[in-house]
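Participant: Have a look at the structure that comes next, please.
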Amino acid sequence: MNKILYFFILNLFFIFISNSFGQSIEIRKSTDQKVSFSVQNFIVDSTKESINFLEVLKNDLVRSGYFKLTNTDASFSLKGSVKASNKISCKIYIFNNSDNLSIMKRSFDSDKKNYRYLAHKIADEIIFAVTKKKGMSSAKLALVGNISGHKELYICDIDGANLRQVSNDKNIIVAPEWTPNGNNIIYTSYKMGYPNIYQTGQSKPLSNYGGLNVSAAVSPDSKYIAMILSKDGNPELYLKELKTEKLIRLTATRRANEASPCWSPDGKKLAYVSDSSGRPHIYVLNLNGGKPQRISSSGSENVSPNWGPNGLIVYSSRQSGRYKIVISDINNRSSKTLSLDNADYEDPYWTPDGRHIVASRSINYRSSIYLLDTLEERSIPLVNVKGDWYSPSCTR
């Protein structure tokens with residue numbers, strides 16, 4: 005969601021919503037040799053499911069950034085077969101061609117209509133077998149789109165396929181966030197005329213205090229929800245214990261506003277936005293005690309933090325009139341601004357591999373979802389559907 009619009013919405017609820025990091029994170033553009041990989045000897049029957057399965061698998065491997073497909077002088081090879089009848093069946097063998105030894109041998113069966121899911125799953129297993137790195141191909145996206153005339157909630161595969169509408173609120177939805185198990189989505193909806201927090205599959209709101217209820221994020225252990233409430237005046241950061249529904253207020257910043265909390269991977273810290281210094285900046289709060297630490301320094305507006313599985317925080321920073329993607333390492337007190345194009349990049353969110361980020365990219369008053377490779381510093385379009393798309397969130 006455009007951050008200017010977000011703070012404008014806060015205004016509707018009676019609000020207007022310096023430590024520096026001197027070093028830079030070293031994010032090298034990918035000059036390292038990609039793994040050469042051959043699928044030439046993989047046998048595919050003539051069914052459309054099997055043919056499409058192989059295409060999805062190849063695209064996943066290339067999209068990961070670790071592989072280069074080739075038919076000659078490959079370091080690794082895929083052998084085996086895929087066939088589809090009542091179900092789709094795969095035999096997967098991965099060979100290290102330097103010694104001709106198999107490093108992966110698996111068999112898979114699934115309903116043939118699920119060939120895409122199976123290809124994504126196998127791609128992630130191949131990526132790990134060859135590189136020892138976690139893949140992202142099996143992840144799902146939640147996102148907000150306006151193709152129905154309203155901002156509704158949608159989900160799709162990480163490559164933008166299988167797009168389907170989840171909500172039918174006929175109003176504004178913002179800030180979708182997956183639960184840690186990947187089974188549900190927490191989001192804010194204005195379907196009752198004011199912002200409450202909901203979970204997919206439930207009609208009763210999770211939070212409907214007076215005033216603003218926005219930006220919910222579930223803790224990694226699923227015991228707490230961090231969220232922004234304005235029930236006592238200014239938008240402040242709260243925790244809600246899900247079992248007891250006990251509410252814990254974490255901030256009390258007079259004449260300032262908080263927004264967009266996200267959890268550290270260990271669940272011990274929160275990153276969030278506050279304009280307590282006069283402009284929106286990113287802060288980190290240790291839940292075991294201590295004062296919030298400001299981690300952003302440059303930019304006229306720093307918003308939408310997301311804490312990745314790699315321990316790095318990504319956020320959107322307005323610099324020279326554009327929203328740019330910044331990656332921050334709070335342990336080394338270092339940061340890096342990605343060199344992309346001249347579009348605005350907002351709502352960044354880490355994928356499970358810790359290498360890629362999904363974000364909304366806006367140019368010429370249109371917004372769409374892109375995948376950003378942080379090593380190669382390149383952007384890849386994902387959702388090729390009419391309308392505008394915002395606020396991607398990814399399962400981990």
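Under the numbering used here, the sequence shown has 174 at position 170, and the numbering climbs by one with no breaks.
Using N, Cα and C, we set each Cβ at its ideal position, and we do this for glycine too.
Whole-angstrom Cβ separation of Pro296 and Val307, contact assumed at under 8 Å?
Facilitator: Counting from 1 along the sequence shown, the entry for residue 296 is found at position 292. Counting from 1 along the sequence shown, the entry for residue 307 is found at position 303. Not confirmed; about 16 Å, so no contact.
Participant: Taking Ala260 as part of the beta strand (DSSP E), name the residues at either end of that continuous run.
Facilitator: Within the sequence shown, residue 260 is the residue found at index 256, counting from 1. Per DSSP, Ala260 belongs to no beta strand (DSSP E) and is neither H nor E.
Participant: So who's on the other strand from Glu381, going by DSSP bridges?
Facilitator: Along the sequence shown, one-based indexing puts residue 381 at 377. In the DSSP output, where bridge partners are listed per residue, Glu381 has none listed.
Participant: Note down, in chain order, each residue of its chain lying with its Cβ closer than 8 Å to the Cβ of Thr378, except the 5 sequence neighbours on either side.
Facilitator: Within the sequence shown, residue 378 is the residue found at index 374, counting from 1. Contacts found: Ile31, Ile331, Leu342, Arg359, His360 and Ile361.
Participant: Quick check: what's the CA-CA separation for Gln27 versus Asn310?
Facilitator: For the purposes of this step, residue 27 is identified with residue 23 of the sequence shown, where counting begins at 1. For the purposes of this step, residue 310 is identified with residue 306 of the sequence shown, where counting begins at 1. At Gln27, the pLDDT of 49 sits below 50, so the modelled position is not reliable; the number obtained from the coordinates is stated separately. Each residue's alpha carbon lies about 20 Å from the other.
Participant: Throw me the rounded Cβ distance for the Ser395 and Ser364 pair, which I believe falls under 8 Å.
Facilitator: Reading the sequence shown from its first residue, position 391 is the one you call residue 395. Reading the sequence shown from its first residue, position 360 is the one you call residue 364. Right, their Cβ atoms sit about 7 Å apart.
Participant: Run through DSSP, which three-state label would Val170 get?
Facilitator: Here residue 170 corresponds to residue number 166 of the sequence shown, with the count starting at 1. Coil at Val170, not helix or strand.
Participant: Starting from Tyr119, trace the alpha helix (DSSP H) both ways and give me its first and last residue.
Facilitator: In the sequence shown, residue 119 corresponds to position 115, counting from 1. That run of the alpha helix (DSSP H) goes Tyr119 to Thr135.
Participant: Where DSSP assigns a beta bridge to Asp203, which residues make up the other side?
Facilitator: Working through the sequence shown from its first residue, we reach residue 203 at position 199. The amino acid occupying residue 203 in the given sequence is Gln; Asp does not appear at that position. Ile190.
Participant: Run the CB neighbour count on Ile105, radius 10 Å, all protein chains shown included, and call it buried at 16 or more, exposed below.
Facilitator: As a position in the sequence shown, residue 105 is number 101, starting the count at 1. Going by the sequence as given, residue 105 is Leu instead of Ile. Its Cβ having fewer than 16 others within 10 Å, Leu105 is exposed.
Participant: Of all the options Gly214, Lys208 and Leu233, which has the alpha carbon lying nearest to the alpha carbon of Ala220?
Facilitator: Mapped onto the sequence shown, residue 220 falls at position 216. Minimum Cα distance to Ala220 is reached at Leu233.
Participant: Relative to the C-alpha of Pro180, which residue among Ile47, Pro352, Leu375 and Val389 is closest?
Facilitator: For the purposes of this step, residue 180 is taken as the residue at position 176 of the sequence shown. Considering only alpha carbons, the answer is Pro352.
Participant: Roughly how many whole angstroms lie between the Cα atoms of Lys87 and Val170?
Facilitator: Along the sequence shown, read from residue 1 onward, the residue named residue 87 stands at position 83. Along the sequence shown, read from residue 1 onward, the residue named residue 170 stands at position 166. C-alpha separation (whole angstroms): 32 Å.
Participant: For Leu82 versus Ala127, is the C-beta distance shorter than 7 Å?
Facilitator: For the purposes of this step, residue 82 is identified with residue 78 of the sequence shown, where counting begins at 1. For the purposes of this step, residue 127 is identified with residue 123 of the sequence shown, where counting begins at 1. Their beta carbons are not under 7 Å apart, which means Leu82 does not touch Ala127 by this criterion.
Participant: Per DSSP, what are the beta-bridge partners of Ile92 in this structure?
Facilitator: Your numbering for residue 92 matches position 88 in the sequence shown. DSSP, once it has assigned bridges, lists Ala88 and Ser114 as partnering Ile92.
Participant: Express the C-alpha separation of Asp49 and Ile190 in angstroms, rounding to a whole number.
Facilitator: On the sequence shown, position 186 is the one that residue 190 refers to. On the sequence shown, position 45 is the one that residue 49 refers to. Rounded to whole angstroms, Ile190 to Asp49 spans 41 Å at the Cα level.
Participant: Tell me which residues share the same chain as Ala143 and place their Cβ nearer than 7 Å to its Cβ, disregarding the 5 neighbours each side in the sequence.
Facilitator: Locating residue 143 in the sequence shown gives position 139, counting from the first residue. Within the same chain, Ala143 has close Cβ partners Ile162, Thr355, Pro356, Cys398 and Thr399.
Participant: According to DSSP, simplified to helix, strand and coil, what is Val66?
Facilitator: By 1-based counting over the sequence shown, the position of residue 66 is 62. Reduced to three states, the DSSP call for Val66 is helix.
Participant: Which term fits Ala256, buried or exposed, when burial requires 16 or more other beta carbons within 10 angstroms of its beta carbon?
Facilitator: Locating residue 256 in the sequence shown gives position 252, where the first residue counts as 1. Its Cβ having fewer than 16 others within 10 Å, Ala256 is exposed.
Participant: Could you check the C-alpha separation between Asn292 and Asp348 for me, to the nearest Å?
Facilitator: By one-based count along the sequence shown, residue 292 stands at place 288. By one-based count along the sequence shown, residue 348 stands at place 344. Approximately 36 Å, taken between the alpha carbons.
Participant: Hey, could you find the ends of the beta strand (DSSP E) Arg365 is sitting in?
Facilitator: As a first step, residue 365 must be located in the sequence shown, where it is residue number 361. Unbroken beta strand (DSSP E) run through Arg365: His360 to Ile367.
Participant: I'd like the span of the beta strand (DSSP E) that includes Met231, first residue to last.
Facilitator: On the sequence shown, residue 231 is found 227 positions in, with the first residue counted as 1. Per DSSP, Met231 belongs to the beta strand (DSSP E) from Tyr228 to Leu233.
Participant: Using the C-alpha atoms, what's the distance from Thr183 back to Lys390?
Facilitator: Within the sequence shown, numbered from 1, the residue matching residue 390 stands at position 386. Within the sequence shown, numbered from 1, the residue matching residue 183 stands at position 179. Cα to Cα, Lys390 sits roughly 28 Å from Thr183.
Participant: In three-state terms, what does DSSP make of Asn217?
Facilitator: The residue labelled residue 217 in the question sits at position 213 within the sequence shown. Note: Asn217 maps to strand in three-state DSSP.
Participant: Throw me the rounded Cβ distance for the Ser114 and Ile92 pair, which I believe falls under 8 Å.
Facilitator: As a position in the sequence shown, residue 114 is number 110, starting the count at 1. As a position in the sequence shown, residue 92 is number 88, starting the count at 1. With a Cβ gap of about 6 Å, Ser114 and Ile92 count as contacting.
Participant: Pick from Arg258, Ser383, Ile96 and Val39: whose alpha carbon is nearest that of Lys136?
Facilitator: Mapped onto the sequence shown, residue 136 falls at position 132. Measuring from the Cα of Lys136, the nearest candidate turns out to be Val39.
Participant: Taking DSSP as the reference, what is the three-state secondary structure of Lys52?
Facilitator: As a first step, residue 52 is located in the sequence shown; it is residue number 48 there, counting from the start. Three-state result, Lys52: helix.
Participant: Using a Cβ-Cβ cutoff of less than 6 Å, which residues in the same chain neighbour Gly164 once the five nearest sequence positions on both sides are dropped?
Facilitator: Within the sequence shown, residue 164 is the residue found at index 160, counting from 1. If we look at Gly164 and ignore the five residues flanking it on each side, its Cβ neighbours are Leu386 and Val387.
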